[in-house]
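Just below is one structure, and these are the notes that go with it.
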Amino acid sequence: MSIEEPAKTEGELRLVKKHPRTIRWMHWVNFPLLAIMIWSGLLIYWGDSIPPYQHPHEVYRIGIGHWTLVRFFPDWFWKLLDAPYQITTGLGWHFFVMWLFAINGIAYAIYLAVSGEWRVLWPKRRSFVDAMWVTLYDLHVPAARRRGLPPQGKYNGAQRIAYSGIVLMGAGSLLTGLAIYKPAQLNLITRALGGYEMARWEHFWLMMGFCGFFVVHVVQVILAGWNNFRSMVSGAEIQTVEQGQRVDAESGEPTGAMHEDEPPALGAQP
Amino acid sequence: MSEFEKEFAFDRKREAEIVRGDAEMVRRESARRTRRSFLVGGAAAAAGFAAWYAVDQSKPVYRLHAALRDVINGNAAVSRALFRERGLSPTYPLRRAVPLRMNGVIGMEQELVPASWRLQVAGVRDAQRSPFFAPDVTAWQYQYTDASLMDTMPDLKSGAAAVQSGGAPKVQMPEPSHDLSANTPKVNGLPHIDIAARFDAMAQAISGKRRMGTAEAGPSASSLNIGTPGLLLTMSELRKLPHVDLVTEFKCIEGWSQITQWSGVRLRDFIDAFPPAPVNGRMPRYVYMETPDGDYYCGYDMAAARHPQSTLVMEMSGRQLLPEHGAPLRLHMPIKYGYKQIKRIGLIAYTDTKPDDFWMKLGYDWYAGL
Numbered sequence: 001m002s003i004e005e006p007a008k009t010e011g012e013l014r015l016v017k018k019h020p021r022t023i024r025w026m027h028w029v030n031f032p033l034l035a036i037m038i039w040s041g042l043l044i045y046w047g048d049s050i051p052p053y054q055h056p057h058e059v060y061r062i063g064i065g066h067w068t069l070v071r072f073f074p075d076w077f078w079k080l081l082d083a084p085y086q087i088t089t090g091l092g093w094h095f096f097v098m099w100l101f102a103i104n105g106i107a108y109a110i111y112l113a114v115s116g117e118w119r120v121l122w123p124k125r126r127s128f129v130d131a132m133w134v135t136l137y138d139l140h141v142p143a144a145r146r147r148g149l150p151p152q153g154k155y156n157g158a159q160r161i162a163y164s165g166i167v168l169m170g171a172g173s174l175l176t177g178l179a180i181y182k183p184a185q186l187n188l189i190t191r192a193l194g195g196y197e198m199a200r201w202e203h204f205w206l207m208m209g210f211c212g213f214f215v216v217h218v219v220q221v222i223l224a225g226w227n228n229f230r231s232m233v234s235g236a237e238i239q240t241v242e243q244g245q246r247v248d249a250e251s252g253e254p255t256g257a258m259h260e261d262e263p264p265a266l267g268a269q270p
Numbered sequence: 001m002s003e004f005e006k007e008f009a010f011d012r013k014r015e016a017e018i019v020r021g022d023a024e025m026v027r028r029e030s031a032r033r034t035r036r037s038f039l040v041g042g043a044a045a046a047a048g049f050a051a052w053y054a055v056d057q058s059k060p061v062y063r064l065h066a067a068l069r070d071v072i073n074g075n076a077a078v079s080r081a082l083f084r085e086r087g088l089s090p091t092y093p094l095r096r097a098v099p100l101r102m103n104g105v106i107g108m109e110q111e112l113v114p115a116s117w118r119l120q121v122a123g124v125r126d127a128q129r130s131p132f133f134a135p136d137v138t139a140w141q142y143q144y145t146d147a148s149l150m151d152t153m154p155d156l157k158s159g160a161a162a163v164q165s166g167g168a169p170k171v172q173m174p175e176p177s178h179d180l181s182a183n184t185p186k187v188n189g190l191p192h193i194d195i196a197a198r199f200d201a202m203a204q205a206i207s208g209k210r211r212m213g214t215a216e217a218g219p220s221a222s223s224l225n226i227g228t229p230g231l232l233l234t235m236s237e238l239r240k241l242p243h244v245d246l247v248t249e250f251k252c253i254e255g256w257s258q259i260t261q262w263s264g265v266r267l268r269d270f271i272d273a274f275p276p277a278p279v280n281g282r283m284p285r286y287v288y289m290e291t292p293d294g295d296y297y298c299g300y301d302m303a304a305a306r307h308p309q310s311t312l313v314m315e316m317s318g319r320q321l322l323p324e325h326g327a328p329l330r331l332h333m334p335i336k337y338g339y340k341q342i343k344r345i346g347l348i349a350y351t352d353t354k355p356d357d358f359w360m361k362l363g364y365d366w367y368a369g370l
């Protein structure tokens with residue numbers, strides 16, 4: 001992974017295109033949109049536990065059968081969010097921003113398909129094994145540390161799975177959302193998802209999944225450092241000349257970026 | 001080209017080199033690009049925040065920011081155009097049905113004396129020729145078992161009707177900009193009555209705690225004027241219509257749902273049996289319903305009212321409707337959220353003006369279509 005900015009040495013560096021402009025825009029636009037969807041959704045979820053009615057959540061909980069470990073969410077959380085009696089605000093925002101969230105997400109999927117960017121994003125057969133080693137490496141498991149990170153292109157196996165999974169989760173949120181929004185007119189979707197209550201359950205856990213993704217994503221970005229973060233802002237990443245370079249044997253000219261199926265051409269000089 | 005070659009070619013193209021050379025120069029170029037991106041991004045973030053702020057600060061229309069109200073009305077228009085209320089709500093085997101949760105008593109705080117119930121129907125074609133014709137349906141007196149609570153209530157209907165009398169149903173929407181949360185409504189210029197506070201006091205007297213939103217919706221703009229002619233129907237008249245049975249899922253906007261068995265007559269059969277009088281040469285577009293005390297009220301598109309699953313319910317879970325579920329007559333409309341499924345119906349009126357709606361006034365969607 002070429003995320004560490006090369007040390008402040010003299011000599012040559014290169015600036016390469018990392019993230020296309022379209023992806024950067026869609027990524028950053030999605031952040032406030034998803035935040036509003038989650039916030040407004042929570043204002044709606046609160047309604048299922050209106051205190052005077054004293055009905056416990058039946059759907060939004062962790063438990064098996066009649067046994068319940070946790071119901072969502074504790075009172076302090078609702079108060080922190082200022083959620084009580086804001087259902088109409090939640091519904092209003094949710095059914096407004098859903099359009100923007102859907103348009104941005106669908107446009108992103110179309111862009112990935114048309115531009116070919118899906119090639120560096122979609123998991124490959126070995127991504128799943130790679131993802132395991134990357135995760136063990138990040139968790140500082142000695143065996144994985146000794147083994148080192150698997151070779152990769154733009155994204156490692158874990159990233160491919162995570163960044164493709166998040167697209168699927170977005171699609172899932174749209175689909176389960178539609179199933180909840182129009183369970184009579186679109187009852188085919190609702191039925192396919194296991195019914196109205198099941199669709200609500202799925203919609204809720206997808207939201208929890210987005211929150212989980214957000215935490216891991218932010219931690220990983222912080223660990224990856226400024227050069228990586230900056231590339232999602234400016235689109236460009238600073239690399240050493242050696243990084244990602246292969247040299248044409250005859251002309252001595254660089255022929256392009258390193259490929260993950262190729263051994264890294266360390267030490268090659270143009 | 002093999003899949004590998006395609007991917008390799010793509011990777012080479014996408015990781016194109018912008019510049020290479022002296023470290024300081026590359027860093028300068030990167031900084032220049034980063035600055036530019038932060039500036040553009042910052043401007044976009046500011047624009048986004050401004051948009052959010054504009055919506056958040058837009059004047060509420062019935063307790064919902066005007067911009068959000070516009071969008072949910074637009075969503076309703078999209079739904080109507082796409083679905084035309086044609087879809088059916090799924091039905092279930094009887095064994096999956098459970099007794100419905102009791103949820104709210106607005107408009108039903110006092111026990112109604114069953115024998116005193118009549119269904120007022122207004123806007124009916126050829127009403128005068130019906131044996132159930134009443135020259136003034138609003139003159140019908142419902143009787144309640146606890147009169148002392150009734151005394152604490154403002155007489156909403158006569159208050160509203162005193163200044164406006166006439167034959168036709170008075171159905172008019174208040175000005176859309178009328179913000180109920182900002183000032184308590186004045187009833188047609190009559191001396192100011194603090195209806196909200198009195199509702200609140202009443203709700204507290206009954207439940208010992210404040211229930212959400214019951215107070216502020218106030219009187220309906222669509223209640224009938226004194227002197228409105230129409231029909232006064234008894235339950236035995238309704239029972240002459242074809243009996244229907246369905247097991248469907250009741251969905252509350254608060255986020256719970258239950259599968260329940262409902263029995264009664266189709267609303268469309270009722271409309272066919274007591275058809276609306278044409279307005280301006282065509283069928284009126286809406287149906288309006290309210291409780292006998294006029295506290296709770298709902299409006300429906302004619303298409304939703306004529307939906308084959310829209311049912312005037314007399315029995316639930318295989319037994320006579322309980323008072324808390326709206327005895328003697330309630331509505332089940334599985335293509336709408338529960339707040340449109342009015343309990344203890346006292347009036348059904350046909351109208352060509354979009355009727356007032358209790359929860360719409362408290363920030364919810366008028367359409368509420370599922």
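Residue numbers (this note's numbering), protein chains in the order written: chain A, 1 to 270; chain B, 1 to 370. In this text, a Cβ means the ideal position worked out from N, Cα and C, and glycines have one as well.
N- and C-terminal bounds of the beta strand (DSSP E) containing residue i
i	result
LEU139(A)	LEU139(A) -> no beta strand (DSSP E), and no H or E assigned at all.
TRP140(B)	Run containing TRP140(B): none; DSSP gives neither H nor E here.
VAL16(A)	12-17
TYR339(B)	Looking at the DSSP string, TYR339(B) is not in any beta strand (DSSP E), and its letter there is neither H nor E.
PHE132(B)	It is not in any beta strand (DSSP E) - PHE132(B) carries neither H nor E in the DSSP assignment.
SER116(B)	Run containing SER116(B): none; DSSP gives neither H nor E here.
Euclidean distance between Cα positions of residue i and residue j
i	j	result
MET150(B)	GLN110(B)	Note that MET150(B) has pLDDT 37, beneath the 50 cutoff, so the model's placement of it is unreliable and the number below is only indicative. If I take the Cα positions, the gap works out to 8 Å.
ALA224(A)	GLU117(A)	22 Å
LEU88(B)	GLY172(A)	24 Å
ARG35(B)	HIS140(A)	35 Å
ALA217(B)	VAL71(B)	22 Å
ALA67(B)	ARG239(B)	45 Å
ASP11(B)	ALA113(A)	15 Å
TYR350(B)	LEU82(B)	25 Å
ASP136(B)	THR248(B)	37 Å
ARG200(A)	SER263(B)	28 Å
LYS13(B)	ALA107(A)	22 Å
PRO292(B)	ILE348(B)	11 Å
ARG24(A)	ASN228(A)	13 Å
TRP67(A)	LEU43(A)	26 Å
PRO254(A)	ARG20(B)	Interpretation of PRO254(A) is limited by its pLDDT of 45, a score under 50 that renders its predicted location unreliable; the figure taken from the coordinates is listed afterwards. Straight-line Cα distance between these residues: approximately 12 Å.
PRO93(B)	PHE250(B)	15 Å
Endpoints, the alpha helix (DSSP H) within which residue i is located
i	result
CYS211(A)	196-224
PHE31(A)	21-46
ILE18(B)	First-last for ILE18(B): 17-22, but that is the beta strand (DSSP E), not the alpha helix (DSSP H).
Contact belief for residue i with residue j at Cβ below 8 Å, rounded distance in angstroms
i	j	result
MET37(A)	PHE101(A)	6 Å
SER236(B)	GLU290(B)	With a Cβ gap of about 22 Å, SER236(B) and GLU290(B) do not count as contacting.
ARG344(B)	LEU112(B)	7 Å
TYR286(B)	TYR300(B)	6 Å
ASP48(A)	TYR60(A)	7 Å
PRO229(B)	ALA134(B)	7 Å
PRO334(B)	ALA184(A)	6 Å
PRO355(B)	TYR288(B)	4 Å
Under 8 Å from the C-beta of residue i: neighbouring residues of chain B
i	result
GLY92(A)	LEU64, HIS65, LEU68, ARG69, VAL71, ILE72 and GLY363
ASP48(A)	GLU254, GLY255 and TRP256
TRP133(A)	None at all; the shortest Cβ gap to chain B is about 21 Å.
ILE238(A)	VAL26, ARG27 and SER30
Proximal residues of chain A, C-beta to C-beta of residue i below 7 Å
i	result
ALA115(B)	The contacting residues do not exist; ALA115(B) stays about 32 Å from chain A at best.
SER58(B)	Those within 7 Å of SER58(B) in chain A number zero; the least Cβ separation is about 11 Å.
Contact list for residue i against chain B, beta-carbon separation under 7 Å
i	result
THR68(A)	What THR68(A) touches in chain B: nothing, since even the nearest Cβ is about 16 Å away.
GLY153(A)	ASP11
Amino acids of chain A, ordered along the chain, whose beta-carbon sits closer than 8 Å to that of residue i
i	result
LYS251(B)	PRO183 and TYR196
SER310(B)	Per Cβ cutoff of 8 Å: no residues; SER310(B) is ~11 Å from chain A at best.
Cross-chain neighbours of residue i in chain A, by beta carbon under 9 Å
i	result
PRO90(B)	PRO183, ALA184, ASN187, THR190, ARG191, GLY195 and TYR196
ASP22(B)	GLU10, GLY11, GLU12 and LEU13
Under 9 Å from the C-beta of residue i: neighbouring residues of chain B
i	result
TYR45(A)	GLY255
The region 244-262 of chain B contacting the region 276-293 of chain B, beta-carbon criterion three pairs below 8 Å: no
Meets three-Cβ-pair contact criterion under 8 Å: the region 89-99 of chain A and the region 59-77 of chain B: yes
Cβ contact check for the region 305-324 of chain B and the region 356-363 of chain B: 3 or more pairs under 8 Å: no
The region 327-335 of chain B / the region 95-102 of chain B touching (three or more Cβ pairs under 8 Å): no
Any 3 or more C-beta pairs closer than 8 Å across the region 240-252 of chain B and the region 261-270 of chain B: yes
Segment contact flag, the region 140-156 of chain A with the region 174-194 of chain A, C-beta cutoff 8 Å, min 3 pairs: no
Cβ contact (3+ pairs, closer than 8 Å) linking the region 23-41 of chain B and the region 229-239 of chain A: yes
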